[in-house]
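Engineer: After the structure tokens below, expect a handful of questions from me.
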Amino acid sequence: MHAPSAGLYKEAYERDSCGFGLIASLDDAPSHWLVRTAISSLIRLTHRGAIAADGKTGDGCGLLLKRPEGFLRAVAAEAGIELAERFASGLVFHSRQALQAEQARLALARELARQGLEVAGWRAVPVDPGACGAEAL
Numbered sequence: 004m005h006a007p008s009a010g011l012y013k014e015a016y017e018r019d020s021c022g023f024g025l026i027a028s029l030d031d032a033p034s035h036w037l038v039r040t041a042i043s044s045l046i047r048l049t050h051r052g053a054i055a056a057d058g059k060t061g062d063g064c065g066l067l068l069k070r071p072e073g074f075l076r077a078v079a080a081e082a083g084i085e086l087a088e089r090f091a092s093g094l095v096f097h098s099r100q101a102l103q104a105e106q107a108r109l110a111l112a113r114e115l116a117r118q119g120l121e122v123a124g125w126r127a128v129p130v131d132p133g134a135c136g137a138e139a140l
């Protein structure tokens, strides 16, 4: 059982993890310094995660950041995607096989439609496969 909400604590923000670092910008201002520092922290936590035999593929780690709405709207406009006033975004990692990827996109669209939501569009995100371990590819 969690303590009652007091101060900055909110039960809805609870996350489960085996190791983490925390830095925050209390003035809510975007900051490259904050992101660079967070990435530097992740690099120093390599010993806390699992690394595959290829020496590159990890067990998944990342940063929890505020949604960059301006950036997302700009990228959507660049891709010809029209966003509603209220929108959600997501990252979908799917097969590199075209047929399987399309089946996954259709399945996701069906499930979202069941919730009364629709997919506004898809964007191919730039990826550097050289940074990935063989098992991740």
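Counting from 4, one number per residue, gives the positions in the sequence shown under this note's numbering.
Where is the CB? At the ideal position from N, CA and C, for every residue including glycine.
Compare the Cα-Cα distances from G144 to each of D30, I54, K59, L29 and report the closest residue.
Structural biologist: Examination of residue 144 is not possible in this model, given that the chain is present from 4 through 140 alone.
Engineer: Classify I46 as helix, strand or coil using the three-state DSSP reduction.
Structural biologist: The answer is helix: DSSP assigns I46 an H, G or I state.
Engineer: In chain order, what are the residue ranges of uninterrupted alpha helix (DSSP H) at least 4 long that sit wholly in the region 22 to 103?
Structural biologist: Counting only runs of 4 or more, we get 35 to 47, 72 to 81.
Engineer: Compute the distance between the beta-carbons of S144 and G24, then report whether it is under 7 Å.
Structural biologist: Absent from the structure is residue 144, since the part of the chain shown begins at 4 and ends at 140.
Engineer: Out of G93, A87, L109, point me to the one whose CA is closest to R126's CA.
Structural biologist: That would be G93, whose Cα lies nearest to the Cα of R126.
Engineer: Among the candidates A104, F96, A79, P33, whose CA atom is the shortest distance from the CA of V130?
Structural biologist: Per the Cα distances, F96.
Engineer: Quick check: what's the CA-CA separation for A82 versus L75?
Structural biologist: Taking the straight line from one Cα to the other gives about 11 Å.
Engineer: Which residue from L11, L68, L48, K13 puts its Cα closest to that of P33?
Structural biologist: It is L68.
Engineer: Cα separation between A79 and A112?
Structural biologist: For A79 and A112, the distance between alpha carbons rounds to 18 Å.
Engineer: Between V128 and the rest of its own chain, which residues show a CB-CB distance below 8 Å, the 5 nearest in sequence each way excluded?
Structural biologist: L94, listed in sequence order.
Engineer: Determine the contact status of A123 and L86, defining contact as a CB-CB distance below 7 Å.
Structural biologist: Yes; because the gap between Cβ atoms is below 7 Å, this pair is in contact.
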